[in-house]
Structures are given as structure tokens and as C-alpha cells.
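Participant: First the structure, which I've put down as C-alpha cells, then a few questions once you've had a look.
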Amino acid sequence: MVLWPSRDLLQLNIELPVKNSRRLSYDKSIADVLDLTIDEAADFFSENEICSILEILKEVGLGYLTLGQPLSSLSGGECQRIKLSKELKKKGEVYIFDEPTTGLHVSDIQRIISILNKLVDNGNTVIVIEHNLDVISQADWIIDIGPHGGKKGGEIVFEGSPRDLINSVKSLTGKHLKMYLSDS
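This is the structure:
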């Protein structure tokens, strides 16, 4: 028999947490909890601190990972998103992203754009070096360096908004952005 401060554990009255006006009883083992995906864990836990962390991980597209998943099993992109999730609550920072959409699926590009916008909305400065027209079209301010790459580049050919970029005669990016936006 296990005793705790001179009482039988079976006689203890333990307050269980409440979520959505319902008292929770945990019917899962530690192994069961570690097998939960982040999406499932967000529904399982009621503690605000835990739920807010899980929501941020879901926001960066990692809801499918399990809580017990070893870090060594994560891809480079998943590791980067975990790092990025830690930055989403910060304010007044400067972030530089070098082609963050390279190799990403279209749906992941939209998620990256959303995350970049959230960083800006939180009062951060975000500088993105990018060739993806989806990202370029969402920028607040563009500095287009060209007119080409390598030895034929390196000059600022345009500086301004995406709306103004599409009318720039010097910018190849503007020409491509104009075609891209007219096709959308």
C-alpha cells in the first residue's frame, strides 16, 4: 500500500482540470500522449500555456508531428519551422530570409507568406530575398537588383511597391510580375 502524508492514495480527492465546462479525466498513458499528433494534443490538453504552444506549431504547419517524435527524424524544413514558431511571439526584431520558399509545395508557400505577414503584423522588420512571384506580389516594399544576375547584375533597377514595380521598364521582375498578376 502506498501512503502519502499518512493517507491511502485511494482516499485522495484530486481536482481534475476543466476544459469547455467539462471535467477532464486523463485516460491515456504517457506512451499514448507521446503518440498524439500536435493537432490531437491541442484538443487533449486544457492548460493555456501548453495549448498556445501547440497552436503556434499548428500555425506553422506541424500539426501532423507527434509529441514523442525524435528531433533526428525531422526534415530540415520541419526543424526550420520549429525555430520559426519560437519567433512568432516576438516584437521589434529584424529577420532576414534568403529564398525561404525554395523547394516548397504551393500550399507551404502560402503558409510561409502567412507567417511572414504575422511577423510584420507583430511589429517586426522582415527582409526577404526571393524570386517567387507569390512572395514578391505580397511585399510592402521591393528593391529589385539586376538587370540580370552575375556580372550583368548588381545595380538597383527599381525600388518601390509591387504595384509600381509592374510599370517599371527597367525591371525584368516587374515584367514577369505583371504577366503573373494578369494570369491570376
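Counting from 851, one number per residue, gives the positions in the sequence shown under this note's numbering. The C-beta atom is built at its ideal place from N, Cα and C for all residues, glycine as well. If you're wondering where the values come from, they're calculated on a predicted model, not measured in any experiment.
Find the nearest neighbour of Leu966 within the set Ser957, His981 and Ala989, judged by alpha-carbon distance.
Facilitator: On the sequence shown, position 116 is the one that residue 966 refers to. Cα-wise, what sits closest to Leu966 is Ala989.
Participant: Return the CA-CA distance between Leu886 and Asn972, expressed in angstroms with no decimal places.
Facilitator: As a working mapping, residue 886 is identified with position 36 in the sequence shown. As a working mapping, residue 972 is identified with position 122 in the sequence shown. One C-alpha to the other measures close to 30 Å.
Participant: Around the Cβ of Val1019, are there at least 16 other Cβ atoms within 10 angstroms (buried) or fewer (exposed)?
Facilitator: Position 169 of the sequence shown, counting from 1, holds the residue named residue 1019. With fewer than 16 other Cβ atoms within 10 Å, it is exposed.
Participant: Residues in the same chain with beta-carbon distance under 6 Å from Val1007, minus the five sequence neighbours each way, listed in chain order, please.
Facilitator: Residue numbering aside, residue 1007 sits at position 157 when the sequence shown is read from its first letter. Correct list, in chain order: Asp994, Gly996, Pro997, Lys1020 and Ser1021.
Participant: Between the C-alpha atoms of Met1029 and Ala891, what's the straight-line distance to the nearest angstrom?
Facilitator: Reading the sequence shown from its first residue, position 179 is the one you call residue 1029. Reading the sequence shown from its first residue, position 41 is the one you call residue 891. In a straight line, the C-alpha of Met1029 is about 44 Å away from that of Ala891.
Participant: Should the segment 968-987 be regarded as contacting the segment 933-940, the criterion being three or more beta carbon pairs within less than 8 Å?
Facilitator: The segment 968-987, when compared against the segment 933-940, does touch it at the 8 Å Cβ threshold.
Participant: Assuming Cys1024 is part of the beta strand (DSSP E), what are its boundary residues?
Facilitator: To locate residue 1024, count along the sequence shown from 1; it is residue 174. The residue asked about is misnamed: residue 1024 is Gly in this sequence, not Cys. Taken as a continuous stretch (DSSP letters only), Gly1024 belongs to no beta strand (DSSP E), being part of the alpha helix (DSSP H) at Leu1022 to Asp1033.
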